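**Q** Just dropping this structure here.
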Amino acid sequence: MNLNQKIFIRLGTYVGVILTLFFIVYQIKYPNIENLYIYLIFLAIGAGLVLALFLEYKEYFSRYDINQKVVDSDFLVKELDRVNQELKDKDNQLLMMSSFAGQGIILINNHKEIMYANELARKRLSLLDTQSKSYINQIRHTKIKDQINRTFMDVVPYKDTHMIQNKNLEIKTIPTEQSKDQFILVIIDDLTEKLQLQTIKKDFFSYAGHELKTPITILRGYAELIHQEIITGKEATEISAKMIDLADYMKGFVDDMLMLSRLETFTDGPLETLKLKDIILNTIEYFNNAIKEKQIKLELDLDDILFEADPMDMQKLFKNMLENAIKYNKENGLINISIKKVLNQIVFTISDTGLGIPFSEQDRIFERFYRVNDKRKTPGTGLGLAIVKHIVNKYHGHISVESVENEYTKFIIVI
Ligand code: ADP
């Protein structure tokens, strides 16, 4: 029965009851036997209508449950909507949390349809936006589809790594059962950074070990000679000077490694407003002896520039750049240093008239431990430019090099 019919019956019932009552009152007041039949007909209609009214109210009262709570259809629809919304919110929260946890998550039902896929999963697997919900149509990587298929068939979890868009993704496919239905939960983890870090760490320790092993062996040999008095007097003094050099080299190497690890873990020191010109002049002062020894001429063009940075970073940057310009320079060579502000950016250049860098090596000199294999055997760790590059990156800058072998080398840093 629809709403209009209900209203019609209800109105009819009320009108009928009122007419019947009116007729009864009229008959009592003006008894007329001729109207008795009409009276009885009205009475029957009235009784029928009262019965209809009673039945309707009975239906109404039956909508109350034992706790007298209304459970009519409107209420049920609203309640269902609310529960649905709550469930949706919970799903969204769950998917959001999984995204924050850095995992891509996909849930596939037993009809092989994707029921959920969070943002990370969509991005990592570049899920296709098709009408079809089928995972076979949405996932484009055959190997992942095979893995899901195997999980459906064998009902055991599988774990595999897949190279997708240069990313190393670990995919876990886990069978789950809910209300006797079979689901597959796909969890996607990006291991790229973790694996890269592992390789870097491995290389780092093997290089560092190798780099320190030789000086330690030599140092021990010298100490042994002096201890057993095989070498004495002037010779011993000369050897101890070499030992000091070796110890200095090892200290420099360990300092550089600590600096690199400080830069990589982003443990920032406090930022200060620095006068870059003063730091450069102090660095020149620090290398004064070496500059004089090689009789190097300096040309300076330094503007007064203020820059917000960790002082340790800027000191290390200028120190490493100037040290190389001296170290790889020729006797009586020239070093030109300039710092300027160009269009709101700081441009620092340092050039020397030294040995230069072969073109084929210019890309690689910023890698850690990379040293150009020259015949001069200039001492160094191969960490200096790697540190400079890290510092430049930290301040969202850029470093480039121009060089011609045996002519000049020019480094340009823009921050
Ligand atoms: P290190 O100087 O300790 O070897 P760096 O990381 O500072 O390490 O430099 C990497 C390599 O780049 C050096 O081994 C050197 O061959 C080359 N290089 C750096 N600066 C210069 C320069 N000014 N002139 C020539 N070669 C340079």
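According to our numbering, the sequence shown is numbered sequentially starting from 420.
C-beta: ideal position from N, C-alpha, C; glycine also.
In this text, all values refer to a predicted model and were calculated from it rather than measured experimentally.
(1) Would Lys-696 and Leu-721 be called neighbours here (beta carbons separated by less than 8 Å)?
(2) What does the alpha-carbon distance come out to for the pair Asn-751 and Asp-608?
(3) Can you give me the Cβ contacts of Pro-634 inside the same chain, cut-off strictly under 7 Å, excluding the 5 residues immediately before and after it?
(4) What does Thr-828 pair with, by DSSP beta-bridge criteria?
(5) Can you list, in chain order, the residues of its chain with a C-beta nearer than 8 Å to that of Gln-764? Leave out the 5 residues immediately preceding and following it.
(6) Measuring CB to CB, does Leu-693 end up less than 8 Å from Leu-725?
(7) Using only the heavy atoms of ligand 1, determine whether one of them is closer than 7 Å to the beta carbon of Asn-812.
(8) Give every residue of the same chain whose Cβ lies closer than 8 Å to the Cβ of Leu-468, excluding the five residues on either side of it in the sequence, and list them in chain order.
(9) Can we count Arg-790 as close to ligand 1, meaning its CB is less than 7 Å from some heavy atom?
(10) Using only alpha-carbon positions, find the residue among Pro-798, Asn-748, Asn-528 and Arg-787 that is nearest to Ile-715.
(11) What's the C-alpha gap between Gly-523 and Leu-719?
(12) Is Val-496 buried or exposed, if buried means 16 or more other CB atoms sit within 10 Å of its CB?
(13) Assuming Leu-690 contacts Glu-727 (C-beta within less than 8 Å), just tell me the rounded distance between them.
(14) Which residue comes first and which comes last in the beta strand (DSSP E) that contains Tyr-577?
(15) Ligand 1 heavy atoms versus the CB of Ile-637: any closer than 7 Å?
(16) Can you tell me whether Ser-822 is buried or exposed? The criterion is at least 16 other CB atoms within 10 Å of its CB, across all chains shown.
(17) With a 10 Å radius around its C-beta and 16 neighbouring C-beta atoms as the bar for buried, classify His-815 as buried or exposed.
(18) Just to confirm the assignment: which complete beta strand (DSSP E) runs, minimum length 3, are found wholly within the segment 716-797?
(19) Exposed or buried, Leu-614, counting other C-beta atoms within 10 Å across all chains shown (16 or more means buried)?
(20) Would you say the beta carbon of Asn-739 comes nearer than 7 Å to a heavy atom of ligand 1?
(21) Assuming the contact rule is C-beta atoms closer than 8 Å, Lys-655 and Ile-645 should be a hit. Round their C-beta distance to whole Å, please.
(22) For Phe-830, count neighbouring Cβ atoms within 10 angstroms of its own Cβ and tell me buried if that reaches 16, exposed if not.
(23) Answer yes or no: do Leu-419 and Phe-788 have a C-beta to C-beta separation smaller than 8 Å?
(24) At which residues does the beta strand (DSSP E) containing Gln-647 begin and terminate?
(25) What are the partner residues of Thr-592, as DSSP defines its beta bridges?
(26) Whole angstroms are fine: how far does the CA of Ile-525 sit from the CA of Gln-487?
(27) For Arg-543, is the classification buried or exposed, using 16 other Cβ atoms within 10 angstroms of its Cβ as the cut-off for buried?
**A** Let me spell this out:
(1) Position 277 of the sequence shown, counted from the first residue, corresponds to residue 696. Position 302 of the sequence shown, counted from the first residue, corresponds to residue 721. Cβ distance < 8 Å, so Lys-696 and Leu-721 count as in contact.
(2) Reading the sequence shown from its first residue, position 332 is the one you call residue 751. Reading the sequence shown from its first residue, position 189 is the one you call residue 608. Using only the alpha carbons, I get a separation of about 57 Å.
(3) Within the sequence shown, numbered from 1, the residue matching residue 634 stands at position 215. Closer than 7 Å at Cβ, skipping near neighbours: Leu-665, Tyr-668 and Met-669.
(4) Looking up residue 828 in the sequence shown gives position 409. Note: Thr-828 sits in a beta bridge opposite Asp-771 and Ser-822.
(5) Here residue 764 is taken as the residue at index 345 of the sequence shown, counted from 1. Answer for Gln-764: Val-833 and Ile-834, listed in chain order.
(6) Residue 693 sits at position 274 when you count from the first residue of the sequence shown. Residue 725 sits at position 306 when you count from the first residue of the sequence shown. Cβ distance < 8 Å, so Leu-693 and Leu-725 count as in contact.
(7) What you label residue 812 is simply residue 393 of the sequence shown in a count that begins at 1. It does not: the Cβ of Asn-812 is nowhere closer than 7 Å to a heavy atom of ligand 1.
(8) By one-based count along the sequence shown, residue 468 stands at place 49. These residues qualify, in order along the chain: Gly-431, Thr-432, Gly-435, Val-436 and Thr-439.
(9) Counting from 1 along the sequence shown, the entry for residue 790 is found at position 371. Flag set: Cβ of Arg-790 near ligand 1.
(10) Along the sequence shown, read from residue 1 onward, the residue named residue 715 stands at position 296. Answer by Cα proximity: Asn-748.
(11) Mapped onto the sequence shown, residue 523 falls at position 104. Mapped onto the sequence shown, residue 719 falls at position 300. Cα to Cα, the separation comes out at about 55 Å.
(12) For the purposes of this step, residue 496 is taken as the residue at position 77 of the sequence shown. So Val-496 counts as exposed.
(13) Within the sequence shown, numbered from 1, the residue matching residue 690 stands at position 271. Within the sequence shown, numbered from 1, the residue matching residue 727 stands at position 308. Confirmed, about 5 Å.
(14) Taking the sequence shown and counting its residues from 1, one reaches residue 577 at position 158. Where Tyr-577 is concerned, the enclosing beta strand (DSSP E) starts and stops at 577-583.
(15) The residue given as residue 637 occupies position 218 in the sequence shown. No, the beta carbon of Ile-637 sits no closer than 7 Å to any heavy atom of ligand 1.
(16) Position 403 of the sequence shown, counted from the start, is the residue given in the question as residue 822. Buried is the call here.
(17) Position 396 of the sequence shown, counting from 1, holds the residue named residue 815. Counting Cβ neighbours within 10 Å, His-815 comes out exposed, since fewer than 16 surround it.
(18) Runs of the beta strand (DSSP E) spanning 3 or more residues and lying entirely within the segment 716-797 occur at 716-721, 725-728, 753-761 and 764-771, in chain order.
(19) Counting from 1 along the sequence shown, the entry for residue 614 is found at position 195. Burial call: exposed.
(20) Sequence index remark: in the sequence shown, residue 739 carries index 320 (1-based). Under cutoff, so the answer is yes.
(21) Taking the first residue of the sequence shown as position 1, residue 655 is located at position 236. Taking the first residue of the sequence shown as position 1, residue 645 is located at position 226. For the sequence presented, residue 655 should be read as Ala rather than Lys. Indeed, because the Cβ distance is near 5 Å, the residues count as touching under 8 Å.
(22) As a working note, residue 830 is residue 411 in the sequence shown. It is buried - the Cβ of Phe-830 has at least 16 other Cβ atoms within 10 Å.
(23) Only positions 420 to 834 of the chain appear in this structure, which leaves residue 419 out of reach.
(24) Locating residue 647 in the sequence shown gives position 228, counting from the first residue. Gln-647 -> no beta strand (DSSP E), and no H or E assigned at all.
(25) Walking along the sequence shown from the start, residue 592 turns up at place 173. Answer is Tyr-577 and Val-605, bridged to Thr-592.
(26) Indexing the sequence shown from 1 puts residue 487 at position 68. Indexing the sequence shown from 1 puts residue 525 at position 106. Bear in mind that a pLDDT of 47 at Gln-487, under 50, signals an unreliable position, so the model cannot answer this.
(27) Mapped onto the sequence shown, residue 543 falls at position 124. The residue is buried, with at least 16 neighbouring Cβ atoms inside 10 Å.
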